[in-house]
Each structure stands twice: as structure tokens, then as C-alpha cells.
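If you count by our numbering, then the sequence shown holds residues 225 to 312, one letter each, in order. Everything below concerns the one structure shown next.
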Amino acid sequence: MIEMSRKIRRALKKKMGTESSDKLAEKIFQFNKLPDMCSACSEAFDKKDRKMVESWSVVVKQEVVRLFCPHCIQKTKEIVENYDKSNS
Numbered sequence: 225m226i227e228m229s230r231k232i233r234r235a236l237k238k239k240m241g242t243e244s245s246d247k248l249a250e251k252i253f254q255f256n257k258l259p260d261m262c263s264a265c266s267e268a269f270d271k272k273d274r275k276m277v278e279s280w281s282v283v284v285k286q287e288v289v290r291l292f293c294p295h296c297i298q299k300t301k302e303i304v305e306n307y308d309k310s311n312s
């Protein structure tokens, strides 16, 4: 096993910490960009309701944040499954 010098270990730890902090800051910023309703059916979303936060799905693609309620996610899964069955 190769031993790293303390200087290299500290530099690596510092770099990893900075990257992690940047990633966390980006996620928090994206949470602030979260819509107030489902992107498909326009059902209202309450950011303070823990149950909603845990059950709704967030999709981020190229800086665009979309939010989907459990009903719309389930409906989409059913459509995809039916499509896969019909093409098999």
C-alpha cells in the first residue's frame, strides 16, 4: 500500500470538501427553483408538507426543474408498461 504524505492528504481532503459543498449549494439552489405545482396536471405542491416532499418526483434536465405528483408518475409508468407490452 502506498502512503501519502500528510500535505497531499490534507490537500485532497480540502478539495473533496469544497466539491461536496459546491454540490450541496447547487442542490439547495435548485430546490428554490422548484415549481409550486405538478408540471403535468397543475396540482398544487406545498414545500412545507413533509409527505408531499417525500412522495413527489423531481426531474432536473439541463437546469430545468420539473415536479410531478405521484398520480402523474403512476400514470406515466402504466403508459410505458402498456407500450412495452404492445411492442413485444
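All residues carry an ideal CB built from backbone N, CA and C; glycine is no exception.
Return yes when at least one heavy atom of the ligand ADP lies under 7 Å from the C-beta of Ser281, else no.
-> The ligand ADP is absent from the structure shown, which contains no ligand whatsoever.
Can you give me the start and stop residues for the beta strand (DSSP E) that Thr281 sits inside?
-> Per the sequence presented here, residue 281 reads as Ser, with Thr not at that position. 281–285 is the span of the beta strand (DSSP E), which, as asked, contains Ser281.
Between Gln254 and Val288, is the Cβ-Cβ spacing less than 8 Å?
-> no
What are the complete beta strand (DSSP E) segments, minimum 3 residues, inside the segment 225–299?
-> 281–285, 288–292
Euclidean distance between Cα positions of Met225 and Lys237 = The predicted position of Met225 is uncertain, since its pLDDT is 41 and thus under 50; a value taken from the coordinates is nonetheless stated next. Cα to Cα, Met225 sits roughly 19 Å from Lys237.
Beta-carbon proximity list for Glu243, same chain, < 6 Å, skipping 5 on both sides = none
Apply the 10 Å Cβ neighbour rule to Cys265 and answer buried if 16 or more other Cβ atoms are within range, or exposed otherwise.
-> exposed
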